Amino acid sequence: METVLVEAEAGVARLRLLQTAALRTASQRQIPTADGCKSLSEWAASRLDVSSDTAKVLSRLARTDLIAEDGDSTDRIVATSRLATSGAT
């Protein structure tokens, strides 16, 4: 049972990283602004039908240069990003 849960979470993380890459491209192309949104997270929430919290997480990840290791959960990547932003090593 634990293996199934861990593998499922790894799959979720891979899909979130694909979304993150797409959001990075959308941001670079200024698509959210062209669509009349105030922010990337606002645009993501409306287009992906996710909560504003999830959209903020994805937007934050889209702005980072961190490279995720296979198996890293989205939560771990966000935490690592926050640490890197704060200057922690």
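If you want the working numbering, it's the 1-based position in the sequence shown plus 353. Note that beta-carbon positions come from the ideal geometry of N, C-alpha and C, so glycine has one too. Since the structure is predicted, the reported quantities are computational estimates derived from the model, not experimental observations.
Taking the Cβ atom as the reference point for each residue, do residue i and residue j lie within a distance shorter than 9 Å?
i, j, result
"residue 410", "residue 427", "yes"
"residue 408", "residue 374", "no"
"residue 417", "residue 425", "no"
"residue 372", "residue 401", "yes"
"residue 368", "residue 430", "no"
Where does residue i sit, in a helix, a strand or coil, going by DSSP?
i, result
"residue 372", "helix"
"residue 409", "helix"
"residue 364", "helix"
"residue 417", "coil"
"residue 428", "helix"
"residue 439", "helix"
"residue 404", "coil"
Does the pairing of the region 391-401 with the region 375-382 give three or more beta-carbon distances under 8 Å? yes
Which full runs of the alpha helix (DSSP H) of 4+ residues lie inside the region 374-402, going along the chain? 384-387 and 393-401
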